[in-house]
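In what follows, a structure is listed as structure tokens, so that the remarks can point back to it.
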Amino acid sequence: MEVWWALLAAALFGAADFSAGIASRRSPALTVTFLSQSTGMVLFGLSLVVLLEQPTGPALRWGAIAGAIAAVSVFLYYRALALGRMGIVATITAIWSAVVPFGLGLALGERPSILAICGVVGVIFAVGMISYIPTPTARPRTLPASPARQKAFNMEGGVRFNRILPRHGFLLRFSQTPGMFGATLAGIGFGLLGVLLNQAGALGNVLWPVFSAAVASVLVTGIMLAGSRSPLLFDRGNLPHIISAGVMQSLGVLCFLLAIQTGLVSIVAVIVALSPAPTLLLARMFLAETLSRNQLLGFVVAMLGIALVTV
């Protein structure tokens, strides 16, 4: 059953990303994130009034930590997309979001079967294949091309890491590639989300950790919005997309929590990392965007990996 909850969570996360992406074309991304998270907070606040679930302090704390990390990870992800090549940034983030919970799950004592491990490895490869979108530039630049991008690159940590890394080699090239540092941190943050929610869900609560995560996410995003000094303006025509994104993302977190209550984090989180797949399918259906052969092959590999996990 946990596999189906995880697949539903991936579908909801992917659909939420699609709606938020549509809204972000006509409204600032940070504004869309703040309003969508606020929608989820209101939704689960009303649910708690109706269901009267009793909260526990540790569940609230773990949920709040998860929400805060999720908000910062979204910010780092958007910033990395602005700095670097979108296809590479999305791939790096998706792979880290799958690898981190898998490794932490094993470190915490989870022992999936050999077939399940093979399936997880296949899903991780599929995540990379599905997420990668080639960009039209023939050759990626390894250094920012303008003073503004150089300043953002320095703030991201590139200069600091250049000083401590060898003058040659893979790590130096990685640190000099715009967006890679932020994409890595964002992926790690998304990967930690499953582990933190697992700690909250182990205490018996379901709705309170999700509500706590939504409140923390709204607070953190609100602080970032205030720091950016940008007005809270949005196109009213975007409101259905913003509300649907908030509802689906919150329901996705709920399904994620239900999945890890009965399943292994090392497996569930990797399946949830397939969320780029429904985003691409929706873009193909409603925006007439094409899918590459690698992405289609990634779908096949993902299905095979999930089949191995469920054996």
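Residue 0 is where the sequence shown starts when you use numbering that gives the first Met the number 0, and the numbers rise one by one after that.
Every residue gets a Cβ at the ideal spot worked out from N, C-alpha and C, and that includes glycine.
Just so we're clear, the structure is a prediction, and the values are computed from it rather than from any experiment.
Does residue i come out as helix, strand or coil in the three-state DSSP assignment?
i	result
residue 232	coil
residue 289	coil
residue 14	helix
residue 272	coil
residue 128	helix
residue 211	helix
residue 303	helix
residue 103	helix
residue 183	helix
residue 277	helix
residue 55	coil
residue 311	Residue 311 cannot be examined here, being either before or after the span of the chain that is shown, 0 to 310.
residue 27	coil
residue 267	helix
residue 239	helix
residue 110	coil
residue 194	helix
residue 142	Here residue 142 scores only 44 on pLDDT, less than 50, and its place in the model should not be relied on; the value that follows carries that caveat. Coil.
residue 167	Interpretation of residue 167 is limited by its pLDDT of 46, a score under 50 that renders its predicted location unreliable; no figure is taken from the coordinates.
residue 205	coil
residue 262	coil
residue 178	coil
Exposed or buried, which one is residue i when buried takes at least 16 other CB atoms within 10 Å?
i	result
residue 262	buried
residue 306	exposed
residue 292	exposed
residue 90	buried
residue 113	exposed
residue 0	exposed
residue 156	The predicted position of residue 156 is uncertain, since its pLDDT is 49 and thus under 50; a value taken from the coordinates is nonetheless stated next. Flag for residue 156 reads exposed.
residue 16	buried
residue 273	buried
residue 73	buried
residue 4	buried
residue 294	buried
residue 284	exposed
Since residue i contacts residue j with CB under 8 Å, what's their CB separation in whole angstroms?
i	j	result
residue 250	residue 11	5 Å
residue 55	residue 185	Actually they do not touch by this definition, with Cβ atoms about 30 Å apart.
residue 29	residue 227	6 Å
residue 65	residue 195	4 Å
residue 8	residue 308	The Cβ separation is near 14 Å, so there is no contact.
residue 13	residue 239	Not confirmed; about 18 Å, so no contact.
residue 269	residue 259	Actually they do not touch by this definition, with Cβ atoms about 12 Å apart.
residue 213	residue 104	Not confirmed; about 25 Å, so no contact.
Could you tell me whether the Cβ of residue i comes closer than 8 Å to any Cβ of chain B?
i	result
residue 226	You won't find chain B in this structure, because it holds only one protein chain.
Requested in this report: Count the C-beta pairs between the segment 91-111 and the segment 48-65 that are closer than 8 Å, then say yes if the count reaches three, no if not.
Outcome: Taking one beta carbon from each stretch, the segment 91-111 and the segment 48-65 have fewer than 3 pairs nearer than 8 Å; the two do not touch.
Query raised in the report: Pairing CB atoms from the segment 26-41 with CB atoms from the segment 208-223, are three or more of them under 8 Å?
Result: yes
Query - At least 3 beta-carbon pairs within less than 8 Å: the segment 237-252 vs the segment 44-51 - result: no
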